[in-house]
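Chains as they are written, first to last, in our numbering: chain G, 1 to 248; chain Y, 249 to 496; chain V, 497 to 744; chain L, 745 to 992; chain P, 993 to 1240; chain A, 1241 to 1488. Beta carbons: idealized from backbone N, C-alpha and C, even for Gly. All values reported here derive from a predicted model rather than from experimental measurement. To keep things clear, I will list the structure first and then write my remarks on it.
6 protein chains.
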Amino acid sequence: MARIDGRTFDSIRDTKITDEYLIHPDGSVLIEMGRTKVICTAFIEDKVPGFLRNTGKGWVTAEYDMLPGSTETRKIRGVKRGKQDGRSQEIQRLIGRSLRSVVDLEGFGERTIWMDCDVIQADGGTRTAAVTGSFIAMIKAFSKLKEKGLIEKIPVNSFVSAVSVGVVDEENLLDLCYEEDKNAKVDMNIVMTDKEEFIEIQGTGEEAPFSMGELMNLLDLGKKGCRDLFKIQKEILGKDISREIMEA
Amino acid sequence: MARIDGRTFDSIRDTKITDEYLIHPDGSVLIEMGRTKVICTAFIEDKVPGFLRNTGKGWVTAEYDMLPGSTETRKIRGVKRGKQDGRSQEIQRLIGRSLRSVVDLEGFGERTIWMDCDVIQADGGTRTAAVTGSFIAMIKAFSKLKEKGLIEKIPVNSFVSAVSVGVVDEENLLDLCYEEDKNAKVDMNIVMTDKEEFIEIQGTGEEAPFSMGELMNLLDLGKKGCRDLFKIQKEILGKDISREIMEA
Amino acid sequence: MARIDGRTFDSIRDTKITDEYLIHPDGSVLIEMGRTKVICTAFIEDKVPGFLRNTGKGWVTAEYDMLPGSTETRKIRGVKRGKQDGRSQEIQRLIGRSLRSVVDLEGFGERTIWMDCDVIQADGGTRTAAVTGSFIAMIKAFSKLKEKGLIEKIPVNSFVSAVSVGVVDEENLLDLCYEEDKNAKVDMNIVMTDKEEFIEIQGTGEEAPFSMGELMNLLDLGKKGCRDLFKIQKEILGKDISREIMEA
Amino acid sequence: MARIDGRTFDSIRDTKITDEYLIHPDGSVLIEMGRTKVICTAFIEDKVPGFLRNTGKGWVTAEYDMLPGSTETRKIRGVKRGKQDGRSQEIQRLIGRSLRSVVDLEGFGERTIWMDCDVIQADGGTRTAAVTGSFIAMIKAFSKLKEKGLIEKIPVNSFVSAVSVGVVDEENLLDLCYEEDKNAKVDMNIVMTDKEEFIEIQGTGEEAPFSMGELMNLLDLGKKGCRDLFKIQKEILGKDISREIMEA
Amino acid sequence: MARIDGRTFDSIRDTKITDEYLIHPDGSVLIEMGRTKVICTAFIEDKVPGFLRNTGKGWVTAEYDMLPGSTETRKIRGVKRGKQDGRSQEIQRLIGRSLRSVVDLEGFGERTIWMDCDVIQADGGTRTAAVTGSFIAMIKAFSKLKEKGLIEKIPVNSFVSAVSVGVVDEENLLDLCYEEDKNAKVDMNIVMTDKEEFIEIQGTGEEAPFSMGELMNLLDLGKKGCRDLFKIQKEILGKDISREIMEA
Amino acid sequence: MARIDGRTFDSIRDTKITDEYLIHPDGSVLIEMGRTKVICTAFIEDKVPGFLRNTGKGWVTAEYDMLPGSTETRKIRGVKRGKQDGRSQEIQRLIGRSLRSVVDLEGFGERTIWMDCDVIQADGGTRTAAVTGSFIAMIKAFSKLKEKGLIEKIPVNSFVSAVSVGVVDEENLLDLCYEEDKNAKVDMNIVMTDKEEFIEIQGTGEEAPFSMGELMNLLDLGKKGCRDLFKIQKEILGKDISREIMEA
């Protein structure tokens, strides 16, 4: 059965990563997956949170938000509601964890990499696009440190990308758009390394629980999607940087 | 290799659910898993959130918090920090989703079931204990509605329990205590139904990614743990209520 | 006239203090007065607030809160309302002041004793139970400092307990339960030392003012109640510690 | 022993109440007790809080704050600290309770009287000055309702005034200024009616507990102070209104 | 003297307005002035704030924010600081006022137009770019209402654009970039209509006051800049809509 | 055409500045312009904000607020609304900027002058009265530093005053009261030095844009108003201090 936008069940949407999207941050990309658009930026700060002071270790942290104009109905700003919504907090914690899992925190001194993922337009899969895009922005920030001679090598040992999978009308689908996501019986976000290992699996039976068989099928689809994304990431980063990460 | 508290790798900790623990809520239990203690309460309110008004549907929502005295180092109250921490929000969203996935929201009128999970003492696995315990408190609240003749049957079609699994020192372990959790390379929370279906899988490679093989082993351990918990839940609820749920 | 629960007008409710109730804090008790249950914990921190730095003095401070499941109607969490309610603030200030009035702040170095009083179940008199219970938790924390050789003696010169009194249907009653408190014309909380001196008197003519005569009668009842509580406190702390405090 | 400002131990400070101090509120006074200056205003709103809707009852509520320039060291605004401080909350609850205790809430329809007490200059005794001053502002607001024919009589059955007493250098003193208050061993605030009944007694042994004898002496001093204040209040309100209240 | 980017003193930067930039809002543009980039969106809501209910009038309101990655040093999110900064509030009030001054609030029913201006990249003049861009987004939202037959004509009687002017190194400059703005002795923002009337003038002698002569020169430069911007706006909106506004 | 209060179009209201209004601050005045009354205070703190530490420079900052009783309808406190309103923030930023523009920040060491402007009664023009009054309070605080020998001269080189002007019923008016302000088509606040230079011009076409001609007329009126205010300021400060500032 053809999908809303004509894709096959195991295709990701057209994905485009624009590097050096902004002038101020140390790394910045615009990632577009279909109509979903997220700006991911990285700033380097020469300081770490209290719990890491004098440990020689650095830190990577992420924040996630959506512009009011990014959603179908205007999204009320967190600052107006007086607090960040739970969903955004959950997502930014996921992004931070995912990036940190492949970073050698002892490899770039007592510095913090501040990642910001701001959704310009939402059409499903914003958190997974944010992971995939912010990986590139983070690598670019590390490259900058390396160019300045402040670190010897990029302290990252794998590529990281993420994709959503789900069960919609009894079909297993890769990279759900919003319309599909809304109707998904099962919804899963998968974050992987290019070594085909899992960093995070978050699966939810939104309306109904799911079986071990369904789980296996979804994980396979997720692997397929991440593989496609790693190709795009490697092209953007170029051969030298890509080889450095892969051989780390 | 024996575990800190002498358990085998596939044993849950001593688990005790005390029903009717408090006098005011419509359902209330104290669940103890080893040294972890959580009070789970349910209040019925004859009102639903705005998005459900006039739909005939009810709602189940959960809140989670830890007492200042529950943790090794005193936990600063959310109200003093000015906001709920991200972890607590994430957990309470998980509890709410898990319970709702087995509830027929059309089966108890325009009512809200307010679940509260307050950790009295934390020693790992507080979120999974909260899911397992609040399932009982919720059923008790529904039973009360039924006794009053306000609903005909308990609008729940499966039991729900949850347990953590993880990889510690290359070993797969069931139901991690805090000491084990701290050292876990992979950490996974599994929420299941008594039909052996998954409601939620949240797996994180805290320090390093994990393979498909590791994932399979952990899922098996999780199933084993939930099975043990279902037995305890069924004993507490008694034959009649248990059968009603299982046959729904 | 017999009271709701059969007590005489000058009886306190069945009171039970469970010591070492939790594993993490430096002192922790569960105090039960009738159906009112409060967890009181004490944590020692090797630091004082700014205004005491480099004075050689320590500090004792208290926080008070109620679990959502502790009250007849679910109590909304402070963190959800965005701020602590005025009543809780007032109560925790009272607890802090009451404890500090018998503590030699110069007797335990630049340390802070963090007291937390969390109401598990409320049936009137939660603030007075919190004072009585937290006194024990505080002494236990000081004992721990003494055992470790960090202080030579417990820096406390009197026992402290508290009780409520009130006028209900023209009768003077000791230790009001919620039902009585709701109907009280006059409501008074009394905090005393075992030397029969007052630490705090807070009397309010809720619905109507009260005369000097009524005041005298209530103060007498309060003394009686505190005397009963001192006995229980001394039993819990044991002879050695009790004598040390009484002879200080 | 003469006091700082030459008063005898049982004298209140020079007290002046300026009526109709502001043009916008329904009642407004500036009360000056020595160097302490508080603006007290009353606004009538034709609406009650939720819990009183459709009960036919009205409500009286109070807020209290201090201007940044009112204190020796600049007082940081509540809005900058993000919340009202505990002391202010405690005081405004006291003011509200004190006024309500003499008001017939059924006597002025479903209206709210909003009292605001803003300290322009603080030199001790701001909370008691606020009670004494806001009583006048409240009566003026009720008079306005009466003049408009919206109520038949002022729904208040007693005068209310308040004063502080304390023990300083072993002496019992009436109406403490800040310098005295700072050094007080015992500090007590007394709110009374002109029928010599107590509305509130709040006594604190700041540094040391106090005996029954000390309490008696302080209560006598407090009575003397309130008597002096009632005279001033009656002069301001004039014979007609005063008689109406006294004969209610 | 040539400017940093080679412009003459009376030139605006390269300005580009991309219409229909996002899919969800009722109007949305990306406005770029040199390196400054702002997304301006408009959402129509069928509801007005309380003070306009049942008046037949509509409302136009604006919010302004900057992405963390938009500034030289990462900008901390308002939601993390717990409140919107004063500068953002001031700017969004300016945008709202500016747009409302040319809108007939009685001409589009009881609806609210929510304008959002989010700065993607900041290089000076973000507030004036936001005014100029959001004017287009607002007109597009009104056009949508007209196309749907909900209003007969666009209820706007003039074009609105805005530009900054300033005195830098004794030279009067039009449309300051950040580098120039930082060094400006006088800084002025001018909002005008295409009838050459002023909507807002906000001039500040940042470091030193300015004379009447300087003011006149700056106002002339501002007029020149706005004229240039009206041309661009009219091109984007097309002849028909432009004529409708100009002839209103 | 005579104005509401009988003034000519180019008259300011009766203006009275009471110096040394409060005992605690380092400078304090009550400024009354017609029925508008604002307390302006200055406190000296021996500390500067982070961005000025170790620069040898001082800082002047201002806060503005209105008492609940100052407005026609009771003004809800910022602390109750959870945040300062946008208008107050805008005004306090204006006051701070205006004062700083004539202060030599290097002339009084690393100190902060905290200005507080609290409106006791509002009848239009509170922000301009706040600027005019706080200038005096600031000078008094500097005089105190000078008297103590901590600075050699008052580090201020001009007088600062402010006034509002506007167009009401086609007439240009000076110093608008609230009733006039409400009906003003154009509303402008002007802050000037006694050298007849502008510090701030904030003009808004509230309902309709304004022409260059109107602007010129309003600026002339504003100059006239400020001139009148400088006379009053100089009288209050006395010859010596006035000469010192004028000759700086």
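Just to confirm before moving on: does the CB-CB distance between L965/L and V909/L stay below 8 Å?
Along the fourth sequence, one-based indexing puts residue 965/L at 221. Along the fourth sequence, one-based indexing puts residue 909/L at 165. Taking 8 Å as the Cβ cut-off, L965/L and V909/L qualify as a contacting pair.
When you check each C-beta in the stretch 565 to 594 of chain V against every C-beta of chain L, which residues fall closer than 7 Å?
Of all residues in the stretch 565 to 594 of chain V, K579, G582, Q585, E586, R589, R593 have a Cβ within less than 7 Å of some Cβ in chain L.
When you compare the CB positions of G1298/A and R1351/A, do they come within less than 8 Å of one another, or not?
In the sixth sequence, the residue the question calls residue 1298/A occupies position 58. In the sixth sequence, the residue the question calls residue 1351/A occupies position 111. Against a cut-off of 8 Å, the Cβ pair of R1351/A and G1298/A comes out as a contact.
Alpha carbon to alpha carbon, what distance is there between N927/L and C921/L?
Counting from one through the fourth sequence, the residue named residue 921/L turns up at place 177. Counting from one through the fourth sequence, the residue named residue 927/L turns up at place 183. Their backbone Cα atoms lie some 10 Å apart in a straight line.
Quick one: what does DSSP say Q729/V is sitting in, helix, strand or coil?
Position 233 of the third sequence, counted from the first residue, corresponds to residue 729/V. The answer is helix: DSSP assigns Q729/V an H, G or I state.
Counting pairs of Cβ atoms below 8 Å between the stretch 553 to 571 of chain V and the stretch 597 to 611 of chain V, do you hit three or more?
The answer is yes - the stretch 597 to 611 of chain V touches the stretch 553 to 571 of chain V, with three or more Cβ pairs under 8 Å.
Where do the N-terminal and C-terminal ends of the alpha helix (DSSP H) with V682/V fall, by residue?
Here residue 682/V refers to the residue found at position 186 of the third sequence. Where V682/V is concerned, there is no enclosing alpha helix (DSSP H), although the beta strand (DSSP E) it sits in stretches over 680 to 689.
Counting only beta-carbon separations shorter than 8 Å, does W610/V have a partner in chain Y?
Position 114 of the third sequence holds residue 610/V. Cβ-Cβ to chain Y under 8 Å: yes for W610/V.
State yes or no: is the C-beta of I1271/A within less than 8 Å of the C-beta of F1399/A?
If you number the sixth sequence from 1, residue 1271/A lands on position 31. If you number the sixth sequence from 1, residue 1399/A lands on position 159. Taking 8 Å as the Cβ cut-off, I1271/A and F1399/A do not qualify as a contacting pair.
Contact check, I1224/P vs I1009/P under 8 Å by CB: the rounded distance?
Position 232 of the fifth sequence holds residue 1224/P. Position 17 of the fifth sequence holds residue 1009/P. Yes, they are in contact, since the Cβ atoms of I1224/P and I1009/P sit about 6 Å apart, within 8 Å.
Less than 8 Å between the beta carbons of G1074/P and G330/Y, yes or no?
Translated into positions along the fifth sequence, residue 1074/P becomes position 82. Translated into positions along the second sequence, residue 330/Y becomes position 82. Yes, these two residues count as a Cβ contact at 8 Å.
Tell me which residues share the same chain as D510/V and place their Cβ nearer than 8 Å to its Cβ, disregarding the 5 neighbours each side in the sequence.
As a working note, residue 510/V is residue 14 in the third sequence. Correct list, in chain order: E528, M529, G530.
Taking only beta-carbon atoms, is E483/Y less than 8 Å away from chain V?
Residue numbering aside, residue 483/Y sits at position 235 when the second sequence is read from its first letter. No, E483/Y lies away from the interface with chain V (no Cβ there is under 8 Å from its Cβ).
Report yes if the CB atom of V441/Y is closer than 8 Å to the CB atom of V350/Y, and no otherwise.
As a working mapping, residue 441/Y is identified with position 193 in the second sequence. As a working mapping, residue 350/Y is identified with position 102 in the second sequence. Residue identity check: residue 441/Y is Thr in the sequence provided, not Val. Yes, the Cβ-Cβ distance between T441/Y and V350/Y is below 8 Å.
Label A746/L either buried or exposed according to how many other C-beta atoms from any shown protein chain fall within 10 Å of its C-beta, with 16 as the threshold for buried.
As a first step, residue 746/L must be located in the fourth sequence, where it is residue number 2. That one is exposed.
Mind checking whether the beta-carbon of G957/L lies closer than 7 Å to any heavy atom of the ligand NAP?
Absence of the ligand NAP from the depicted structure is noted, as is the absence of any ligand whatsoever, leaving it without description.
Examine chain P for any beta-carbon lying closer than 8 Å to the beta-carbon of R7/G, and answer yes or no.
The residue given as residue 7/G occupies position 7 in the first sequence. For R7/G, the answer is no, since every Cβ of chain P falls outside 8 Å of its Cβ.
Which residues, in chain order, does the stretch 783 to 803 of chain L contribute to contact with chain A at a C-beta distance below 8 Å?
Listed by position along the chain: I783, T785, F787, E789.
Chain V partners of P899/L, CB-CB under 9 Å?
The count along the fourth sequence starts at 1 and reaches residue 899/L at position 155. What P899/L touches in chain V: nothing, since even the nearest Cβ is about 15 Å away.
If you draw a straight line from the C-alpha of R1119/P to the C-alpha of I1083/P, how long is it?
To locate residue 1119/P, count along the fifth sequence from 1; it is residue 127. To locate residue 1083/P, count along the fifth sequence from 1; it is residue 91. Distance between the alpha carbons of R1119/P and I1083/P is about 6 Å.
Using 8 Å as the threshold, is the C-beta distance between I767/L and I880/L below it?
Here residue 767/L is taken as the residue at index 23 of the fourth sequence, counted from 1. Here residue 880/L is taken as the residue at index 136 of the fourth sequence, counted from 1. No, Cβ-Cβ distance for I767/L and I880/L is not below 8 Å.
With 16 other CB atoms within 10 Å as the buried threshold, where does P812/L fall?
Position 68 of the fourth sequence, counted from the start, is the residue given in the question as residue 812/L. Per the 10 Å Cβ criterion, buried.
Measuring only between beta-carbons, confirm whether E528/V sits less than 8 Å from chain Y.
Here residue 528/V refers to the residue found at position 32 when the third sequence is read from its first residue. Answer no: the Cβ-Cβ gap between E528/V and chain Y never drops below 8 Å.
In the DSSP assignment, the alpha helix (DSSP H) including F390/Y goes from what residue to what residue?
The residue you call residue 390/Y lines up with position 142 of the second sequence. Per DSSP, F390/Y belongs to the alpha helix (DSSP H) from 374 to 395.
Would I1439/A count as contacting chain P if we go by Cβ distances under 8 Å?
For the purposes of this step, residue 1439/A is taken as residue 199 along the sixth sequence, with counting starting at 1. I1439/A counts as touching chain P.
S1383/A touches chain L at which residues, Cβ-Cβ below 9 Å?
Start at 1 with the first residue of the sixth sequence, and residue 1383/A comes out as number 143. Near S1383/A there are no residues of chain L at all, since even the closest Cβ is about 17 Å away, more than 9 Å.
With 16 other CB atoms within 10 Å as the buried threshold, where does R491/Y fall?
As a first step, residue 491/Y is located in the second sequence; it is residue number 243 there, counting from the start. It is exposed - the Cβ of R491/Y has fewer than 16 other Cβ atoms within 10 Å.
Starting from the beta carbon of F1450/A, find every residue of chain P whose beta carbon is closer than 7 Å, and list them in chain order.
Taking the sixth sequence and counting its residues from 1, the one referred to as residue 1450/A is at position 210. Going along chain P in sequence order, the residues near F1450/A (Cβ under 7 Å) are E1189, F1190.
Nearest CA to the CA of I1135/P: which residue from R1045/P, R1092/P, S1020/P?
Looking up residue 1135/P in the fifth sequence gives position 143. What sits at residue 1135/P in the sequence shown is Ser, not Ile. For S1135/P, the nearest C-alpha among the options comes from S1020/P.
Measuring only between beta-carbons, confirm whether T948/L sits less than 8 Å from chain V.
Residue mapping note: residue 948/L aligns to position 204 of the fourth sequence, counting from 1. For T948/L, the answer is yes, since a Cβ of chain V falls inside 8 Å of its Cβ.
The alpha helix (DSSP H) with G414/Y in it runs from where to where?
The sequence position of residue 414/Y within the second sequence is 166, counting from 1. Premise fails: G414/Y lies in the beta strand (DSSP E), 408 to 416, not in any alpha helix (DSSP H).
Just grab the DSSP bridge partners of T289/Y for me.
The sequence position of residue 289/Y within the second sequence is 41, counting from 1. Beta-bridge pairing links T289/Y to S276/Y, D364/Y.
Let me know the secondary structure DSSP gives E710/V once reduced to three states.
Residue mapping note: residue 710/V aligns to position 214 of the third sequence, counting from 1. Helix at E710/V.
Along the beta strand (DSSP E) that carries Q92/G, what are the first and last residues, could you check?
As a first step, residue 92/G is located in the first sequence; it is residue number 92 there, counting from the start. Careful: Q92/G lies outside any beta strand (DSSP E), inside the alpha helix (DSSP H) at 86 to 100.
Using 8 Å as the limit for Cβ to Cβ distance, is I258/G near chain P?
Residue 258/G lies beyond the stretch modelled for chain G, which goes from 1 to 248, so this question has no answer here.
Assuming I635/V contacts F604/V under a Cβ cut-off of 8 Å, what Cβ separation, rounded to an integer in Å, is found between them?
Along the third sequence, read from residue 1 onward, the residue named residue 635/V stands at position 139. Along the third sequence, read from residue 1 onward, the residue named residue 604/V stands at position 108. 12 Å between Cβ atoms; not a contact.
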